[in-house]
Structures are given as C-alpha cells and as structure tokens.
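A.B. asks: Counting from 1, position 337 in the sequence shown corresponds to residue 404 in this note's numbering; the numbering is continuous, with no gaps. Here it is, the structure in full.
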Amino acid sequence: MKKFSFKEMLDGLLGSTPAPAQLQQQFPEKLNVKDFQAMNIVRHGFPHQPTALAFDPVQKLLAIGTKTGSLRLLGRPGVDIHVRHDGDPAVLQIAFLVNEGALVTACTDDTLNMWNIRQKIPEVVHTLKFQRERTTCISLPLQSKWLYVGTEKGNVHIVNIESFVVSGYIINWNKAIELSRKNHPGPVTCLVDNPVDSNKLLIGFETGLLVLWDLRTKAADVRWQSAEPLRSVCWLSDGKQFMSSHADGSLCTWSVKTPQRPVATQFPHAKTRENGQQEPCKAIQKVSWLSTRAGLLASLSPLAGWREEEESEPYVIFTGGLGHDTAGRTPSVTVMHGRTTTVLEMEHNVVDFIALVDTPYPSEFQDPYGIVVLLQNDLVVVDLTSPGYPCFENPYPMDLHGSTVTSCTYLADCPGDLVPALYSVGTAKQNRTGFSEKEWPITGGTWGTGGNSYPEVVITGHADGSVKFWDATAVSFQVLYKLKVSRVLERQRRSQDGDTEDQLAVQQVVLCPESRQLAVAGASYVIHFRFSRNEKNAEVPCLEIPIVYETYGDSDRDPPSGDPAVTVRPADTIAGVNGKKAELSLPVRCRSGPIRRPPGFHPELVCITPAVNGEPPGVISSVAVNSAYGLLAYGNESGLVIVDTVQRTCLLNLGTPDLYGPADPYQRAPRSPKQRAEEADLGRSPDSEQINGLCLSPTAGKQGGVGSVSPRGRDVQRSRSQERLDTQQTASRSSSLSSLENISSEAIVCLQFADTFVNKSESSTCPCLLVGTSLGSTLIVQVALPRSADRATQAVSVAPTGSIFRLNGAMQCIALLDCSGARIPAAAETWRDGNKERTRTPSRPTVSSCGSLSEAGGGDGQLLVLVSDKQARVLATPSHSCLCKLQITETSFVVRAEIISLKDSVCLVCYLANGRLNSYSLPSLRPLMEVEFLPLSDLRMARTFCISNHGHGLYLCSPSEIQKFTISSEFCTQLQDMVGELFLACDMPELPQQGFLKGLFGGGVRSLDREELFGETSGKASRSVAKLLTGPTAQAEQLQARVSSTGGDVGRARQAMIERGQKLSKLEDRTEQLMADADNFSSTAHQLMMRYKDKKWYQL
C-alpha cells in the first residue's frame, strides 16, 4: 500500500499548485532574463512647450529646446533624434558649432552644456554651471572656440568651448556704461558679433542701452540709449548698421557713426487715431535684418569710378508689434521687403523664428529663402522665394495633437498588406493644395540602414471624434489614414450644467487586423466599421440600447413583482414616474439619410447608450469585436451588451449582477433614491414599440429558447444562468472584497472572445465571451452560432454559464494558451472586399494532442491566464485547477497588463503605478524582468500606455508626443542600425573673395586673435564664478586620470621593489664572498695544523 506524507495529503486537500520547476519541465519556456532590456526607442510628435530654436546652415539641421529639458534634433524626414538634459531644466538658447558636429545649450539652471552630435545618440561632453550669476543669453561667433555669455547682473563672461573653462577676460557692466547712465542697465538681453570686425561686440541691455565694445582696448567705442526696453538686435551684413526691436512695437535703425540718436524709427503696425496719436502696440520680440544681392552694376562711384555690386532692398522679418486694442488679432510674423509688407498670421503664439540662408558667413549677402517659425503647438516653414510666401508641407508627424489624444492602440506584427491598404485609401489620395511646390529645406542627416521585417500600426483616438492610423514600423511614424466619427454622428446641444467634454471623444479603438473590422467607442456610443476599397452611399442602422439596472433595498417597501429585497432590473423593464414610459435622451445622434462612404472604413452599425430619466449613461469601459462570430460586445459600469453585427440586432443586455446568476456573491446597494420614486405599475414591462430605436432580430420573434435573448419585447425576458456553480469552485473563490459589502456598481473592464470550455463537464470547446469586471471576477458567456449557411437568418444564442473565477483587484487581461504554452489567437475572418467568400481562421486546439497538459491537469486542453491589478493566475481548463499564481504587487497596482509574443514564446508584461515594468514567463509566472521604468505621473499616461508583440510599447509622454520603447534586448542591439546619422562630414563653403575696392579702402573682414585676448594671458577666472560639472566625457577623463594615477603608484612600487631586489642581490653576493673567505681561512688553518701536528716545540 502506498504511503502518503502529511504534506502530500494537505496539498491534495487544499489544491496546491504545481511548483514552477515542474511547470517548466511540462511546458518548456524559451525566454530567460538575458532576452529583456528596457530602452526608449524614439519619440514622435511635436516638442511639448518649446522654448528655443537653432539652425545649422551647412549641415541643414534644426534643433528645438523645450521647457522640460528635451532637445529634438531634426534633419531630413525620418531623421529625428530626442535627447534630454539631466534634471529637466528649461532650454533658454541653443547655439550650433556650425559644421563641427556639436552644439551648446543654455538652460534655466544656469548651466551650459556641450552636446556631441557626431554620434547617433548625442551625449553631453561638458557641463559648466555658473554659481554667482544667472545666465540670460549666449553668442558663439562663426568658427570660434570662445563663447560669449551674458548674465542677469549685466556682465559678459567668455568660455572656452573646448575645455569649458571660463576665461579671465570679463566685461563688467559698470565699465560698459561708465558715466553714460547713473543706474544699473539691467540684464544682458543680446550679444552680437560685428559681421565684418570680430574685434567689436555689440551688447544690448534690457533697459535699452546698447554698447559697442572693443575687445582689444577693453573699452566701449560707442553707446546708444533707446527710450524703450530692448528685446532684440540684428546687424546688417555690412557691419555699419544694426536694427533693434523694442517693447513699444518700434524698430530702430542705428549707425555706428551716429551715436546720439537712431537713424530711423518706425512703428510697422501702428495706426494713427483721430486725435493724431498713434495707438499703442505690443512688443516686437525678435527682428532679423537680411541683405540680398542685386547682381547688377550701378552708376559710377564719385570716389573710385565704379561701384561694386549694389544691394537691393533687404528683408526685415519680425514677430509681434500688433496693436493692443485690436480685438481677435492672431499671432503673426511680418515680412517687410522693399515697399511691401506681408503679415503671415499664425494659429498659435510665436516662440521663435530663424531665417534660412545658404551662407554661414554673416558678412556676406544673406539672400534668405525661407523662415522657420516655431509656434507654441506647431512648426511652420515659409517659402520666401515663391509668390505669396506659401508654407512648405511639413513632412514630420507633428499633427498628432491637432485634437487632444484620448486613446492609443498599438499593433505590432500586423498582416503585411494592412499598411499598403491604409495608405492607398488615405495619404496616397490626399491632394493638399496651397503649399509650396519646392522640396522641404531641412535635409540634414541620413537614414538608418536597418529595419523591421514586420509592420507596426498605431491608432490614436482624439477628442474631436477623429481616428488616425499611423505607420510606426521601426523608427518611422507617418500618418496613413484618418477617420471621422462626425460623419456618422452629430453632437447634441451642450448641457446647461457647463459640461464641456466633447461628446464625440474617442475612448477606445479595437481593430481586427485579419478581417479589417474596426470598433470605435466613445463615452456613450460604439460604431462598427468594415474596410472596403469601394465607395458607396448607404444609410447607417442605429440601435439605442440603454444599459442600466435598479436596486431595491428599502425595508419599508416591497419590491415589485414579489422579488427579493435586492433586485436588479434589466433595460427591458425600465419605467418612469407613475408607470409611464422611461424617458430616453440621446447624448449623440446618428445622422439620418444615406451617408457617402469613401474608400476606407465604412460604418456598418451604430450603438448608442441613451440616458434614462435624465441620468447620464456610464462611460463605455470595454469593447471587443470578433469577425468569425459576427459579434460585437461592450460594457460600462452597469452591464454588458452583445450585438449581432451580421443581423444588426441586440442579443444580450444585462446588468452585471445578472451575469452571476443566483450565485451573486455581493450585496447590491441601492443605485439612487430618485430611481425608486413613486411608481404605479413598476412590474409592467414595456412593449417593443416603447423603446425607441430597438428592433428585434428577424428570427427572434419566431424562435424561442436561449437564442432570443434581447432587451426588446414583452415575451423576450432577460436570461439568468440555468446552472449553479460547483460547490467546490464556489468555496475556493478568493476576493479582496467581502460578500457582505454593499456594491453600488461593477464595471465591465475586460472582454475577450475565444473558443474555450464552458464548465468542468465539457469535453470540447465552443465560442464564448470571457467577461472581466472591476471587482476581479471573470465570467463566461456562452455563444451558440448557427451553421455558416444559416448565419444571416438563424438567431445567435447567448447566455451566461455561471462559471466564475475571482481574483483580487480589477481585471486587466484574459488570454488562453494551448497545450504547448503558445497563445491561442481569437478566431478571425480573412478580409475579402465586397461579397467574396470569407474564410474563418480556426483557433480551437486539438485536445487529444495535449499530452503534457493532460498530465498536469487531468485531461485539460487549455490554459486560462487571468491577470488583475494585484494578482495573476494560470488555470487548466476544463478542470479549473490552478497551476500557478502570483502576487504581482501589495502596495501598488497594475496600470496595464498584456500577454505578448516575444521570440516565438509568450510572456506577461505589467506596468505598475509605482513606475516598475515587470515581465513574467508563462505559464510558470517566473520573473524575467523587474526594472524602474517610468513613474505614473498623470492619467494621460495610464490611458495611452500600450504593450504589443515583439516587446514593443508606447505611451503619450506629453500632450503632443508619443514615446516608443522596447523590452527586447535583441531589438536594442539592432537599434543602432535603425537610427539615422545626424552629422555628415562636409567642407565649409568657401568665403567669397572680397572686392578690390573693399580691400583697398579697408572695407573687408577684419579678423581677431581671440586666443591672445582670452587665453592664458588674460589670467584665470575666479573659481566661484563657474564650476565644471562631470558629464559622461568628464567622468571618463577622471576615470582615465585615476587609472593613470594608480598606474603611476603601481609603477613606483614596482620600481622600489626592483631596487630592493637589487640590494638583496648585492647582500647575497657579499654573503657568498664572506662564506668563501671563511672556507679559505678554515682550509689554511687546517693545513697549518696538519703541518705542525707531529713536531715538538723545540722543533719549531
């Protein structure tokens, strides 16, 4: 007789789970810890809250800094790199080292950062932090290694950008002003090098003082004082004149030879009032004065006989300066060229702008060909060479936030024909007019050489009811197709309570990529779409399905119909006050009449959840669509709806408690006192005509049984479970909520169609709907489908089965694995356009082939994986025995959980609210990765966080940017090949030869030996001025220095040891010599003794 130990008996009684080691033997798992590495891939969209802009005219690269410390580097379309400063300080200003593969950023934390952009992922080389003064502006002359830094105290410091050391040369504010004014001039707002004389530096102070500083003599040559505060300064290319913009909306032109007053002052947008005074204007924040080349010979010069090439009218470009009292005036950029003034109105506030020129030399004619305008929410490039100044069409994906993003869906490894199909009906057919015909001018960098073998699609839902499809393969991100819900639905009038939330905002998007069926859900609507390449006009059918339930818990009154004290009433028994029909009001309305359906996704069915008796419906919390079954399911905080998309009828509309049947473990609290107001005949069920917009299935009135479950009609009653739960299963359920607690609502948060076992007694799978709730319950609704030939005429039967699984916390995801541990895909229909024959992709596993699973679970054929925001559990079906369970977290909760495929295996990935990103093997739930990834900062991130196959994921990191990441270490190694190059080695354009007359009369460019002025001869700056912080390169240098120091110590110790060895060697030699001498002495003494041994004393 076999003996059993006490532990084996206890395990048998308690139903203990097999050890993970046993599961790994039964289900071989290929994934290990080395396969996982979390890394950000690329960031797409418009930089959120931009603050600074810079352009390299030789490399054709654009840099944008933001308020959160981000730095975006843009080249040709497809070259987009994102990096970030440590500590996330706002970027004040950016300066390129033109054609040298580096740039300098000045930040609000008073740091200067040198970035190396010669590598694919730029890094900070040096960081210099000013300790006693706050930095306000920087200026870097062309091909100079000395950076001018202006401070809030009015001083100007000079920094060597090679070593990032502050020079001893300093321009103090008191020496700059001397006796020209009695008070402090304010912070330095601009520093501009003279384009023809590098010895002269123009310093602009906030109060309007302008100083032309001579660097050699260390004195001011000329001083100008404007009447208004200064905003910006710009030299003309001849170096003799400059223009300044001011806070009163004026532009002043100054000459080096006339220091007393400006040569000209103009108010470009000021209008004269009736009293003769000019209206006040807003400040002109920035101005650019750009010369152009005429290329024509002019008349004879009175001095030399011929004048050289004559300048045509220069461009004056500025932003701001509009009148204060002009209501509704939009932000603008003004272009003045000759006698024409063009105002380019912008949709958003202007942050900065830069004129695009071909030459990097400021002393040459600029000949601008475009303007890059950085707006608060957009990037605009204007073509100055085309009539009317049209804009270039922006090739970057910066219109992501055209309307607020409200949802994200990420599908990796889609069918290969999906992306071309979306492109053919979307972007390829767009004929956008009004843009410049010339090529995009920002063409720096090169594309990466690597790529993915599988396509990736991102679907974003927006607040205005639009849905956008994006090609996100590898590191690209391009819009493919756009869908508008407003073509199908129309908004109702705003409510008087001030609700401003858009009624058409998209909350969820579900796509079946095989059949190209799409479900778009808002707060109170669900629209079912089918993809078609053909255009047609048709009316869209609409179902109005209220999802409500009422609970009676008043001890003073008996509930209607003699039900128990706690009763849930489905939608077909809703009644209003005094027994009247319930008032149903629609938050949105379906458009009537035929709707033009262009090629793309065509609306096939609209389901709207109306408000009942003035109470707004709950927000739809979960959606699922299955093309093989022809079913659509969705739920909210009140209940579940299943719709037949083939016959376009509602099959099931039940409150969540009804799904439990008679084994509901919770005590339901009353929903609202007003719902239990005076009712004369609550037990009366309304007729089918009383619920507006609801229609029966063509066969529902003819056939009885479970297949006629519908919320319409007096004879169609709600279906309750026909079988009770197994006693052992009911006793083993676990939940964090006690059954005695009053539950006011239980939302449907997770839906999954699958072919699985209904209960323990089943030996084969059948179509089912797995329903997860916010209380941790997983319920099974059985679906009985007719034969394929009768699908359009025979009714579909749906009914709850009574099978329940419970976990702690709200459900996150549900999945099925086969006997080999691979995920079972949902049955899907292969897409065919028109009425061509459709084939179904089977998903049912063969039970007889499940040898290893049969051994573990006693003849089970599938593994059911349940994940809540606290726990995860793996069950064998149909026996429902628990194979493995895991407590994911105790103190936090899971924000998003997905079961994904990675390297021909499956794993569970969980993102927690505390910022951890965890991965577990399946089915053993063995930890594979636990890293600190990203703290949950706002609900936007939780709403848009997605994880898909191949370990890829994304989230909305800001209102206008999507961050893509991966947890696959294999992909991380391939990322370097996918990312493009920013810097391309090329020669600087040759400086045009100066004319004979300019060289003769000293009008050419005069150089300056800055090394002599600012180098070692100028002394050393005080250590308290700035401190060199350790960047990655500095750390490497310090480490190298430490290694060198350690190596020196080791060398000295080795040398001392060698010297000691040499001394020991000498000592050994002397010892040996002494020993030899002792031996000789002993031998001589012995011989002497033997010689006189036999002689007497008198014989000596």
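Quick reminder that beta carbons are idealized off the backbone N, C-alpha and C, glycines included. Values in this document were obtained by computation on a predicted structure and should not be read as measured data.
1) In chain order, what residues of the same chain lie with their CB nearer than 8 angstroms to the CB of Glu460, ignoring the 5 residues before and after it?
2) On a CA-only basis, which of Cys833, Val848, Ser831, Arg1127 is nearest Gly839? Give me that one, please.
3) In this structure, what does DSSP give as the bridge partners for Phe598?
4) Tell me the residue span of the beta strand (DSSP E) that contains Asn183.
5) Could you tell me whether the Cβ atoms of Asp169 and Trp182 are closer together than 8 angstroms?
6) To which residues of the same chain is Ile108 closer than 7 angstroms at the C-beta, ignoring the five residues directly before and after it?
7) Kindly indicate which residue of Gln327, Cys257, Gly343 has the alpha-carbon position closest to the one of Trp302.
8) Are the CB atoms of Val226 and Leu269 within a distance shorter than 8 angstroms?
9) In whole angstroms, what is the alpha-carbon distance linking Gly928 and Gly876?
10) What is the DSSP secondary structure of Phe459, counted as helix, strand or coil?
11) Hey, is the region 531-548 in contact with the region 126-143, meaning 3+ C-beta pairs nearer than 8 angstroms?
12) Grab the span of the beta strand (DSSP E) containing Lys349 for me, first residue to last.
13) Ile687 and Val607 - do their beta-carbons sit closer together than 8 angstroms?
14) Pull the bridge partners of Phe122 from the DSSP assignment, please.
15) Between Ala605 and Arg664, is the Cβ-Cβ spacing less than 8 angstroms?
16) What residues in its chain sit with their C-beta under 8 angstroms from that of Arg199, if we drop five residues either side in the sequence?
17) Under 8 angstroms between the Cβ atoms of Ser1085 and Ser234?
18) Give me the Cα-Cα distance between Cys1024 and Asn985, rounded to the nearest whole angstrom.
19) Using 8 angstroms as the Cβ pair cut-off and three pairs as the minimum, do the region 467-478 and the region 1003-1018 touch?
20) Is the beta carbon of Leu276 closer than 8 angstroms to that of Lys267?
21) In terms of alpha-carbon separation, which member of Thr175, Leu698, Thr823 lies closest to Pro892?
22) For Leu1006 and Val410, I'd like the C-alpha separation in whole angstroms.
23) If I measure Cβ to Cβ from Asp102 and keep anything under 8 angstroms in the same chain, skipping five residues before and after, which residues do I get?
24) Nearest-angstrom Cα distance between Pro114 and Ser1027?
25) For Arg983 and Pro144, I'd like the C-alpha separation in whole angstroms.
26) Just mark Pro732 as buried or exposed, buried being the case when its beta carbon has 16 or more other beta carbons within 10 Å.
27) What does Asn693 pair with, by DSSP beta-bridge criteria?
28) To the nearest whole angstrom, what separates the beta carbons of His391 and Val472, a pair I think is in contact under 8 angstroms?
29) Would you mind working out which of Asp885, Lys952, Arg656, Thr944 sits nearest Ala678, comparing C-alpha positions?
30) With distance defined between alpha-carbon atoms, name the residue in Ala422, Asp1136, Thr1011, Phe94 nearest to Pro124.
31) What does Ala964 pair with, by DSSP beta-bridge criteria?
32) For the alpha helix (DSSP H) that Thr1040 lies in, which residues bound it at each end?
33) Counting Cβ pairs, one atom from each stretch, are 3 or more of them under 8 angstroms apart for the region 331-345 and the region 280-289?
34) Buried or exposed: Val1153, going by 16 or more other Cβ atoms within 10 Å of its Cβ?
35) Can Ser582 and Ala895 be called in contact, C-beta distance under 8 angstroms?
36) Hey, how far is the Cα of Leu698 from the Cα of Ala105?
C.D. replies: The relevant details are as follows:
1) As a first step, residue 460 must be located in the sequence shown, where it is residue number 393. Within the same chain, Glu460 has close Cβ partners Arg499, Phe502, Ser503, Trp507.
2) Within the sequence shown, residue 839 is the residue found at index 772, counting from 1. Nearest C-alpha to Gly839 among Cys833, Val848, Ser831, Arg1127: Val848.
3) Here residue 598 corresponds to residue number 531 of the sequence shown, with the count starting at 1. Answer by DSSP bridge pairing, in chain order: Phe668.
4) Numbered from 1 along the sequence shown, position 116 holds the residue referred to as residue 183. First-last of the beta strand (DSSP E) with Asn183: 178-183.
5) Mapped onto the sequence shown, residue 169 falls at position 102. Mapped onto the sequence shown, residue 182 falls at position 115. Residue 169 is actually Ala in this sequence, not Asp. Yes, these two residues count as a Cβ contact at 8 angstroms.
6) For the purposes of this step, residue 108 is taken as the residue at position 41 of the sequence shown. Only Val542, Lys1031, Phe1032, Thr1033, Leu1042 meet the Cβ criterion.
7) To locate residue 302, count along the sequence shown from 1; it is residue 235. Trp302 has its Cα closest to that of Cys257, out of Gln327, Cys257, Gly343.
8) If you number the sequence shown from 1, residue 269 lands on position 202. If you number the sequence shown from 1, residue 226 lands on position 159. In this structure, Val226 does not lie closer than 8 angstroms to Leu269 by Cβ.
9) For the purposes of this step, residue 928 is identified with residue 861 of the sequence shown, where counting begins at 1. For the purposes of this step, residue 876 is identified with residue 809 of the sequence shown, where counting begins at 1. Gly928 and Gly876: Cα-Cα distance of roughly 27 angstroms.
10) In the sequence shown, counting from the first residue as 1, residue 459 sits at position 392. Looking at Phe459 - three-state DSSP - the assignment turns out to be coil, as it is neither helix nor strand.
11) no
12) Stepping through the sequence shown from its first residue, residue 349 is reached at position 282. No beta strand (DSSP E) holds Lys349; DSSP gives it neither H nor E.
13) Taking the sequence shown and counting its residues from 1, one reaches residue 607 at position 540. Taking the sequence shown and counting its residues from 1, one reaches residue 687 at position 620. Their beta carbons are not under 8 angstroms apart, which means Val607 does not touch Ile687 by this criterion.
14) For this step, residue 122 is matched to residue 55 along the sequence shown. BP columns for Phe122 point to Leu129.
15) Reading the sequence shown from its first residue, position 538 is the one you call residue 605. Reading the sequence shown from its first residue, position 597 is the one you call residue 664. In this structure, Ala605 lies near Arg664, with their beta-carbon atoms less than 8 angstroms apart.
16) Sequence index remark: in the sequence shown, residue 199 carries index 132 (1-based). Excluding residues within five positions, the ones whose Cβ falls inside 8 angstroms are Ser1091, Val1092.
17) Taking the first residue of the sequence shown as 1, we reach residue 1085 at position 1018. Taking the first residue of the sequence shown as 1, we reach residue 234 at position 167. Their beta carbons are under 8 angstroms apart, which means Ser1085 touches Ser234 by this criterion.
18) Mapped onto the sequence shown, residue 1024 falls at position 957. Mapped onto the sequence shown, residue 985 falls at position 918. Roughly 19 angstroms between the two C-alpha positions.
19) yes
20) Here residue 267 refers to the residue found at position 200 of the sequence shown. Here residue 276 refers to the residue found at position 209 of the sequence shown. Cβ atoms of Lys267 and Leu276: not closer than 8 angstroms.
21) To locate residue 892, count along the sequence shown from 1; it is residue 825. Nearest option by C-alpha distance: Thr823.
22) Residue 1006 sits at position 939 when you count from the first residue of the sequence shown. Residue 410 sits at position 343 when you count from the first residue of the sequence shown. Their Cα atoms are separated by approximately 40 angstroms.
23) Residue 102 sits at position 35 when you count from the first residue of the sequence shown. Closer than 8 angstroms at the Cβ level, and outside the excluded window around Asp102, lie Leu969, Lys970, Leu995, Ser1035, Ser1036, Glu1037.
24) For this step, residue 114 is matched to residue 47 along the sequence shown. For this step, residue 1027 is matched to residue 960 along the sequence shown. Taking the straight line joining both Cα atoms gives about 7 angstroms.
25) Your numbering for residue 983 matches position 916 in the sequence shown. Your numbering for residue 144 matches position 77 in the sequence shown. Each residue's Cα considered, the two are about 34 angstroms apart.
26) Position 665 of the sequence shown, counted from the first residue, corresponds to residue 732. Burial call: buried.
27) Position 626 of the sequence shown, counted from the start, is the residue given in the question as residue 693. Asn693 pairs with Leu698.
28) Within the sequence shown, residue 391 is the residue found at index 324, counting from 1. Within the sequence shown, residue 472 is the residue found at index 405, counting from 1. The pair is not a contact, with the Cβ atoms about 35 angstroms apart (cut-off 8 angstroms).
29) Reading the sequence shown from its first residue, position 611 is the one you call residue 678. Ala678 has its Cα closest to that of Arg656, out of Asp885, Lys952, Arg656, Thr944.
30) By 1-based counting over the sequence shown, the position of residue 124 is 57. Pro124 has its Cα closest to that of Ala422, out of Ala422, Asp1136, Thr1011, Phe94.
31) Position 897 of the sequence shown, counted from the start, is the residue given in the question as residue 964. DSSP lists Cys977 as partners of Ala964.
32) For this step, residue 1040 is matched to residue 973 along the sequence shown. Residues 1036-1045.
33) The region 331-345 is not in contact with the region 280-289.
34) Stepping through the sequence shown from its first residue, residue 1153 is reached at position 1086. In the sequence on display, residue 1153 carries His and not Val. Exposed is the call here.
35) The residue given as residue 582 occupies position 515 in the sequence shown. The residue given as residue 895 occupies position 828 in the sequence shown. Taking 8 angstroms as the Cβ cut-off, Ser582 and Ala895 qualify as a contacting pair.
36) Counted from its first residue, the sequence shown places residue 698 at position 631. Counted from its first residue, the sequence shown places residue 105 at position 38. One C-alpha to the other measures close to 37 angstroms.
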